[in-house]
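Counting the sequence shown from 1 gives a position; this note's numbering is that position plus 17.
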Amino acid sequence: SALFGKSVISTVMFDNFILSPLLSFPLAYVAKAITFSVVPDHLRIVFVASVSFFWLILLSSLESAGTLTDADGEECILV
């Protein structure tokens with residue numbers, strides 16, 4: 018139904034544009050603070066790449082763990 022589609026869209030929009038940035042911003046600021054205060058110049062790129070790599074792994078695992086269900090309890094597949 019149209020109402021269900023709107024609910025799924027609003028859930029996906031909230032997760033992608035509200036929840037993910039709220040979780041990402043604190044890590045980004047902490048990583049920047051550590052990068053420019055503790056990490057030597059020649060290791061900064063490696064440090065930032067490592068933080069990014071593991072953060073993307075975490076976000077991917079969280080995203081794959083969540084499934085959307087409709088009113089009947091059936092799993093929804095977003096393509």
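Beta carbons: idealized from backbone N, C-alpha and C, even for Gly.
Please report the straight-line C-alpha distance between L73 and S24, rounded to a whole angstrom. Here residue 73 refers to the residue found at position 56 of the sequence shown. Here residue 24 refers to the residue found at position 7 of the sequence shown. Distance between the alpha carbons of L73 and S24: 26 Å.
Please report how far the alpha carbon of F64 lies from the alpha carbon of V47, in whole angstroms. Counting from one through the sequence shown, the residue named residue 64 turns up at place 47. Counting from one through the sequence shown, the residue named residue 47 turns up at place 30. Rounded to the nearest angstrom, the two C-alpha atoms are 12 Å apart.
Alpha carbon of E80 to alpha carbon of D32, nearest angstrom: To locate residue 80, count along the sequence shown from 1; it is residue 63. To locate residue 32, count along the sequence shown from 1; it is residue 15. Going from the Cα of E80 to the Cα of D32 covers about 9 Å.
What is the rounded straight-line gap between the Cα of D58 and the Cα of I51? Start at 1 with the first residue of the sequence shown, and residue 58 comes out as number 41. Start at 1 with the first residue of the sequence shown, and residue 51 comes out as number 34. Distance between the alpha carbons of D58 and I51: 12 Å.
Which value, in whole angstroms, describes the spacing of the CA atoms of S78 and L60? Working through the sequence shown from its first residue, we reach residue 78 at position 61. Working through the sequence shown from its first residue, we reach residue 60 at position 43. Using only the alpha carbons, I get a separation of about 27 Å.
S37 and L102 - do their beta-carbons sit closer together than 8 Å? Absent from the structure is residue 102, since the part of the chain shown begins at 18 and ends at 96.
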